[in-house]
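S.K.: Chains as they are written, first to last, in UniProt numbering: chain A, 1 to 262; chain B, 1 to 262.
Think of the CB as a built atom: it goes at the ideal place given N, C-alpha and C, for glycine as much as any other residue.
Small disclaimer: the values here were computed from a predicted structure and weren't measured.
Just dropping this structure here.
Number of protein chains: 2
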Amino acid sequence: MPRARPTEPRTETDGPARTVLTGFVPDRLTPVPIHHQLATHLQQAIASGDLAPGTLLPSEPTLVEMLGVSRPTIRRAMQRLVDTALVVRRRGIGTRVLPPRVSRSIELASLHEDLERAGLHPTTQVLDLGLTPATDRVADLLEVRPASPVLRIVRLRLADDVPIALMTNHLPEELAPITSTEIETTSLYRLLRAKAVNPHIANQTVGARRATPEEADTLQEPSSALLTVDQVTYDDRGRAIEVGHHLYAASRYQLHSALLRT
Amino acid sequence: MPRARPTEPRTETDGPARTVLTGFVPDRLTPVPIHHQLATHLQQAIASGDLAPGTLLPSEPTLVEMLGVSRPTIRRAMQRLVDTALVVRRRGIGTRVLPPRVSRSIELASLHEDLERAGLHPTTQVLDLGLTPATDRVADLLEVRPASPVLRIVRLRLADDVPIALMTNHLPEELAPITSTEIETTSLYRLLRAKAVNPHIANQTVGARRATPEEADTLQEPSSALLTVDQVTYDDRGRAIEVGHHLYAASRYQLHSALLRT
DNA sequence: GAGTGGTCTAGACCACCGC
DNA sequence: CGGTGGTCTAGACCACTCT
């Protein structure tokens, strides 16, 4: 189809959208899928402000012509932007850039990076590390026989030398050994991935409670209020790979998440 | 609920999968998309146990023939199952049903339903309702002029007559009026939807702190520990439509969520 | 009526796995 | 090697919105 005529009906500004999008050329040599390349390109354009909130993106047929990519591929990239709440699409209207409201979601294992993003210097003290008989609760969650040996890791996480979290984790025996230095230098999930174990889904329970005197002392929490997170992580084969029981000093740490759709 | 063995034997037959899947016939008369029909059918089959964990589903070409649906449509349904962690797919292997580990995520506005699902009888006391000048924080989050009138709603939520949460919400003036009876009988989000406002994304901050004496008295929390949730909700046009500040009695309420992918 | 996104189809090539 | 899912293409029809 011939291009849209120059007389645009009441659209805000798709001039910038055009220049930004014509700057995209699919690389068909890399193994990176084109829909992923396009989605990433658009995400960066929105994040950088090149595509301002309220901008109406070109229509799908227009993009097909502009980018030399088929419509399903374009739709796939667009769907990703919809899923991450970067744009809204409406039949008969078009695709519009939303204001950047998506805060980073809670991720699988992110405390270390969370603190670094906040400009702090995170450190870890390993308080305990070794095989111990599983308690009934841990055995149940890890799906191993009661009292069978599991790897227990107790860590105190600090930011700029101030205690933030007291984290207890239990892993199946097969994933041992793990050394103290490994735990202190990298994240638990990176360690697991190095063992060809891919964290895939985690169930979390978030609550609050008063700290015991020992916990209050360790975490130096003046209010004695703790934010608690209990989680069980499963790999992509459905096996339980980690049980976590984390206590956060309430006055120094909060969780952030974004909820999408309805 | 937990399985008997830590590791499942592999190579299951796809006999049961065949019988379950041949029971699916696409309805091309309803406006419900076929990919959605198929995804729902598979979700129910997995939830009911008709498709047991470990089951290998038929391949895509096989399903095309069995169901009389094209491959992209089948792939779209399958992708939804992958996104909700019900199955894993591997090139060269196939599609395998995972153990049911996905707990319900935190949703936009779910306390009422949450409590009902737990078999409790939720009620609401409206403690305050009306227009008030916005504080600086609320005006900033709602994106209205400082001190301009906003609708404030203060509710005490109970389950079986026991206090669970003290919730304060602020809405833009345009969304008023809302009556006490409306708030007591339905959810805030349903009210908004009735006004053609669609909640689309919410940013949450979850924390913990000690209750003030008044809060402890109102919520009757013996430990005086509170779980706090602050949220800002935006509609699908990107407008801030609601600011919430919620206090939960820590000994009676926890948040659950599922984290996917990595 | 013209343009938009939503859905479905048909066919092709590829990377990966197991035999 | 044959079979699997991952990707990309081309074309079609539809529901919806705006004029």
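Please look up how many angstroms separate the CB atoms of residue 143 of chain A and residue 240 of chain A, rounded, as I've assumed it's under 8 angstroms.
M.R.: 5 angstroms
S.K.: Taking CB distances under 8 angstroms as the criterion, tell me whether residue 74 of chain A reaches chain B.
M.R.: no
S.K.: Return yes when the Cβ of residue 204 of chain B is within less than 8 angstroms of the Cβ of residue 156 of chain B, no when it is not.
M.R.: The answer is no: Cβ separation not under 8 angstroms.
S.K.: So, is the C-beta of residue 255 of chain A closer than 8 angstroms to a C-beta in chain B?
M.R.: yes
S.K.: Any contact between the segment 169–181 of chain B and the segment 116–133 of chain B? By contact I mean 3 or more CB pairs, one from each, below 8 angstroms.
M.R.: yes
S.K.: Thinking C-beta only, is residue 254 of chain A closer than 8 angstroms to residue 25 of chain B?
M.R.: Contact: no.
S.K.: How many angstroms separate the CA atom of residue 67 of chain B from the CA atom of residue 235 of chain B?
M.R.: If I take the Cα positions, the gap works out to 38 angstroms.
S.K.: Which residue's Cα is closest to the Cα of residue 162 of chain A: A:94, A:30 and A:251?
M.R.: Of the listed residues, the one whose Cα sits closest to residue 162 of chain A is A:251.
S.K.: Please compile the residues from chain B whose C-beta is within a distance smaller than 9 angstroms of the C-beta of residue 210 of chain A.
M.R.: 210, 223, 224, 225 and 250
S.K.: Just how far apart, CA to CA, sit residue 85 of chain A and residue 98 of chain A?
M.R.: 7 angstroms
S.K.: Which one of A:95, A:175, A:154 and A:185 has the shortest CA to CA distance from residue 193 of chain A?
M.R.: A:175
S.K.: Should residue 5 of chain A go down as buried or exposed, given a rule of 16 or more other Cβ atoms within 10 Å for buried?
M.R.: Confidence in residue 5 of chain A is poor, its pLDDT being 35 and thus under 50, which makes the residue's placement unreliable; the coordinate value appears in the next sentence. Exposed.
S.K.: Do the CB positions of residue 218 of chain A and residue 158 of chain A come within less than 8 angstroms of each other?
M.R.: In this structure, residue 158 of chain A does not lie closer than 8 angstroms to residue 218 of chain A by Cβ.
S.K.: Considering Cα atoms alone, identify which of B:222, B:190 and B:246 is closest to residue 229 of chain B.
M.R.: B:246
S.K.: My output table needs one value for residue 237 of chain A: the three-state DSSP class, helix, strand or coil.
M.R.: DSSP, reduced to helix, strand and coil, places residue 237 of chain A outside both helices and strands of the structure shown, so it counts as coil.
S.K.: Keeping to the same chain, check which residues put their C-beta closer than 8 angstroms to that of residue 148 of chain A; ignore five residues upstream and five downstream.
M.R.: 133, 134, 139 and 173
S.K.: Give every residue of the same chain whose Cβ lies closer than 7 angstroms to the Cβ of residue 37 of chain A, excluding the five residues on either side of it in the sequence, and list them in chain order.
M.R.: 26 and 27
S.K.: Specify the secondary structure class of residue 224 of chain B as computed by DSSP and reduced to three states.
M.R.: Per DSSP, reduced to three states, the secondary structure at residue 224 of chain B is coil, with no helix or strand assignment.
S.K.: Per DSSP, which residues does residue 168 of chain B bridge with? Please list them.
M.R.: B:154 and B:245
S.K.: Taking only beta carbons into account, state which residues of the segment 179–203 of chain A come closer than 9 angstroms to chain B, listed in chain order.
M.R.: 189, 193, 198, 199, 200, 201, 202 and 203
S.K.: Does the distance from the C-beta atom of residue 46 of chain A to that of residue 63 of chain A stay below 8 angstroms?
M.R.: Pairing residue 46 of chain A with residue 63 of chain A gives a Cβ-Cβ distance that is not under 8 angstroms.
S.K.: So what's residue 204 of chain A in DSSP terms, helix, strand or just coil?
M.R.: strand
S.K.: Out of B:51, B:79, B:119 and B:243, state which residue places its alpha-carbon closest to the alpha-carbon of residue 18 of chain B.
M.R.: Taking residue 18 of chain B as reference, the option from B:51, B:79, B:119 and B:243 with the minimal CA-CA separation is B:51.
S.K.: Here's a check: name, in chain order, each residue in its chain whose Cβ is nearer than 6 angstroms to the Cβ of residue 153 of chain B, leaving out the five neighbours to either side.
M.R.: 129 and 169
S.K.: Give the secondary structure of residue 12 of chain B by DSSP, where H, G and I count as helix, E and B as strand, and everything else as coil.
M.R.: Low confidence applies here, because residue 12 of chain B scores a pLDDT of 47, under 50, leaving its location unreliable; read the following figure in that light. Looking at residue 12 of chain B - three-state DSSP - the assignment turns out to be coil, as it is neither helix nor strand.
S.K.: Checking 8 angstroms against the spacing of the C-beta atoms, do residue 151 of chain B and residue 171 of chain B come in under that value?
M.R.: yes
S.K.: Rounding to the nearest angstrom, what Cα-Cα distance links residue 112 of chain A and residue 225 of chain A in this structure?
M.R.: 22 angstroms
S.K.: Is the beta carbon of residue 146 of chain B sitting closer than 8 angstroms to the one on residue 136 of chain B?
M.R.: yes
S.K.: Would a check of beta-carbon distances place residue 99 of chain B closer than 8 angstroms to chain A?
M.R.: yes
S.K.: Does chain A have any CB closer than 8 angstroms to the CB of residue 261 of chain B?
M.R.: yes
S.K.: Can you list the residues of chain B that residue 68 of chain A reaches, using a CB-CB cut of under 7 angstroms?
M.R.: Ordered by position in chain B, no residue passes the 7 angstroms Cβ test against residue 68 of chain A, which lies about 21 angstroms from the chain.
S.K.: Pull out every residue of the segment 136–153 of chain A whose Cβ sits closer than 7 angstroms to any Cβ of chain B, in chain order.
M.R.: Within the segment 136–153 of chain A, the qualifying residues are 140, 143 and 144.
S.K.: What's the C-alpha gap between residue 21 of chain A and residue 42 of chain A?
M.R.: 8 angstroms
S.K.: Identify every run of the beta strand (DSSP E) within the UniProt domain "HTH gntR-type" (32–100) of chain A, keeping only runs that are complete inside it and at least 3 residues long; order them along the chain.
M.R.: 87–90 and 94–97
S.K.: Going by the CB atoms, is the gap between residue 216 of chain A and residue 102 of chain A shorter than 8 angstroms?
M.R.: no
S.K.: Using a Cβ-Cβ distance under 8 angstroms, would residue 243 of chain A count as near chain B?
M.R.: no
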